[in-house]
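Residue numbers (our numbering), protein chains in the order written: chain A, 2 to 219; chain B, 2 to 219.
There are 2 protein chains.
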Amino acid sequence: MPGAKVPQAVRRKQILGAAYHVAAERGLTGTLIGEVAARAGVSHGLVLFHFKSKRGLLLALLDWLLESTTVLHLGPDILALSSPFDQLRALLRQEMNRLSSEPQRTRLTFDYWSASVRDATIRSKMRTEFARYRAAFRPVAEAVIAANPVRFRGVTAAGLAAVSVSFIKGCAVQSMLDHEHFDIADFLVAAEHLIQEVPAERRRRPASARRPVLHSAR
Amino acid sequence: MPGAKVPQAVRRKQILGAAYHVAAERGLTGTLIGEVAARAGVSHGLVLFHFKSKRGLLLALLDWLLESTTVLHLGPDILALSSPFDQLRALLRQEMNRLSSEPQRTRLTFDYWSASVRDATIRSKMRTEFARYRAAFRPVAEAVIAANPVRFRGVTAAGLAAVSVSFIKGCAVQSMLDHEHFDIADFLVAAEHLIQEVPAERRRRPASARRPVLHSAR
DNA sequence: AAGTATATTGACTGATCAGTCAATGCACAA
DNA sequence: TTGTGCATTGACTGATCAGTCAATATACTT
């Protein structure tokens with residue numbers, strides 16, 4: 002005895018919402034249509050009716066996941082920062098916060114990464130996503146390079162943007178594996194110091210305070 | 002009609018070798034015992050006899066994979082480099098070469114990453130591996146910090162080692178997704194410039210040559 | 001030669017699932 | 001009211017696989 006009808010778009014979202022949770026828990030290949038259906042409160046058959054196949058469901062889920070990711074936004078607060086170095090740091094910080102506040106999404110993302118290896122369609126979608134990601138970093142990267150042409154001679158904006166992305170993704174991997182001990186704050190500090198402008202002391206402080214004795218001169 | 006007997010250790014290696022290829026092609030969950038057996042030229046049952054279960058096989062494969070990974074080695078050539086900055090750069094270069102020369106291994110690694118999300122045993126093994134990885138970077142990181150305490154004030158060796166690892170893993174992800182267009186050389190140049198010592202010009206060149214006019218003063 | 005332990009096989013089982021389909025109910029139009 | 005189109009169901013199917021097991025060949029011991 003079929004239940005009440007519901008507009009297509011609504012049903013699809015309802016099912017995708019269920020699929021999101023199931024997939025985050027069980028992994029992509031562990032996602033069973035029956036489980037998604039149960040979680041969404043509909044029948045097995047209806048899921049197939051709306052998404053045609055399991056693969057169709059997982060592709061739609063990926064689209065949904067990417068669309069619902071507020072792509073790296075340079076809010077007015079960040080743009081207000083004068084130094085591009087500060088901007089870049091603020092971006093890193095922002096992204097890492099998102100990382101730890103949405104663990105489920107991060108987990109699912111790993112699954113799609115490894116699915117990318119063998120599935121060309123998924124790979125293409127992920128590739129686009131990464132390109133968007135790098136593109137968002139690019140203007141800041143350009144500003145950083147322009148602000149210090151001597152230090153960054155030979156460095157391309159694309160390269161620097163890619164490195165910025167790798168900070169985030171690399172941090173994600175490590176913190177996922179070692180949630181207990183991996184110290185994101187330490188990571189962030191190290192990353193920030195790598196990007197930072199020429200040491201402030203050299204310009205601001207008087208010569209007498211330049212070299213505090215922390216280590217032997219080596 | 003059972004075939005000739007072969008020493009346990011040999012059979013296991015033979016089967017693991019087959020499993021390696023199958024898993025790299027099909028993914029962990031797509032790895033069928035039957036296919037591994039066929040590739041190894043033995044029966045389905047024998048694989049189970051030696052590894053007890055599919056999970057047992059995949060765990061053994063992971064061990065084998067990790068053991069056979071020459072962990073980040075600071076060869077004499079690298080240690081000979083005077084500057085720790087140069088050493089770090091050399092390490093990055095070396096690791097990225099390995100990355101592109103062993104694509105199958107890299108692919109398999111992604112699978113184990115995402116498996117880590119849900120399987121505690123796999124996660125533990127991967128965690129250890131990453132710890133080893135960071136540990137290998139650590140002495141160099143310490144030297145880098147010690148060589149420039151002003152610039153790296155507040156930065157821990159652990160943090161810097163983690164960032165180094167994230168360079169490599171982040172690069173791996175991006176180059177896997179976009180093998181065609183992702184420019185590893187650009188990435189490497191950008192990464193190297195981030196780690197490099199304070200711009201050489203400031204010390205070596207005469208004052209008159211300090212600020213080549215490439216851009217307006219900001 | 002006889003005996004023992006074990007590596008190896010292939011047939012079998014039982015469970016699991018993705019996908020199909022006829023039947024059925026709902027909404028809306030004529 | 002009747003009809004049409006479509007969403008929804010649940011039972012069914014067919015294929016796929018991991019894991020079991022009895023039978024058997026092999027190597028090694030005595």
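Just so you know, even glycine gets a beta-carbon here, dropped at the ideal spot from N, CA and C. No experiment lies behind these values; they were computed from the predicted model shown.
Using a CB distance cut-off of 9 Å, Gln88(B) does not count as an interface residue toward chain A. Cβ contact annotation for Thr70(B) (same chain, cutoff 6 Å, sequence separation greater than five): none. For Val164(A) and Gly46(B), the gap between their C-alpha atoms comes out near 48 Å. In terms of CA proximity to Gly155(A), Ala186(B) leads the group Ala186(B), Ala19(B), Leu93(B). For Asp64(B), no chain A residue has a Cβ inside 9 Å of its Cβ, as the nearest lies near 17 Å away. About 13 Å separates the Cβ atoms of Thr30(A) and Ala20(A), ruling out a contact at the 8 Å cut-off. Taking 4 residues as the minimum length, the alpha helix (DSSP H) runs contained wholly in the segment 15-48 of chain B are 34-41, in order along the chain. One Cα belongs to Gln105(B), the other to Gln175(B), and the distance between them is close to 16 Å. Rounded to the nearest whole angstrom, the CA to CA distance from Phe188(A) to Gly160(B) is 4 Å.
Cβ contact annotation for Phe183(A) (same chain, cutoff 7 Å, sequence separation greater than five): Gln175, Ser176, in chain order. Secondary structure at Asn98(B): helix, using DSSP grouped into helix, strand and coil. Any Cβ of chain B closer than 9 Å to the Cβ of Ile169(A) would place that residue at the interface, and such an atom is present. Within chain B, the C-beta atoms nearer than 9 Å to that of Phe131(A) come from Val174, Gln175, Leu178, Asp179, Phe183, in chain order. Identification of residues in the segment 2-35 of chain B having a C-beta nearer than 7 Å to some C-beta of chain A yields Gly28, Thr30, given in sequence order.
Contact annotation for Ser84(B) against chain A: no contact, minimum CB-CB distance about 12 Å [criterion: below 9 Å]. Taking 9 Å as the CB threshold, Gly57(B) stays off the interface with chain A. The segment 100-141 of chain B is shown to contain whole alpha helix (DSSP H) runs of 4 or more residues at 104-117, in chain order. Residues of chain B whose Cβ lies closer than 7 Å to the Cβ of Arg119(A) are, in chain order, Gly28. Where Ser167(B) is concerned, the enclosing alpha helix (DSSP H) starts and stops at 158-178.
Taking C-beta atoms as the reference points, Ser117(A) and Leu178(B) count as a pair closer than 9 Å.
Contact annotation: the segment 42-62 of chain A touches the segment 8-18 of chain A, with at least three C-beta pairs closer than 8 Å. Buried is the label assigned to Thr110(B), since at least 16 other Cβ atoms lie within 10 Å of its Cβ.
Under the Cβ criterion of 9 Å, Gln197(B) is counted among the residues facing chain A. Look at Lys53(B) here: in three-state DSSP terms it is coil, with no helix or strand label. Taking the beta carbon of Val164(B) as reference, the chain A residues within 8 Å of it are Phe168, Gly171, Phe188, Ala191, Ala192, Leu195, listed in sequence order.
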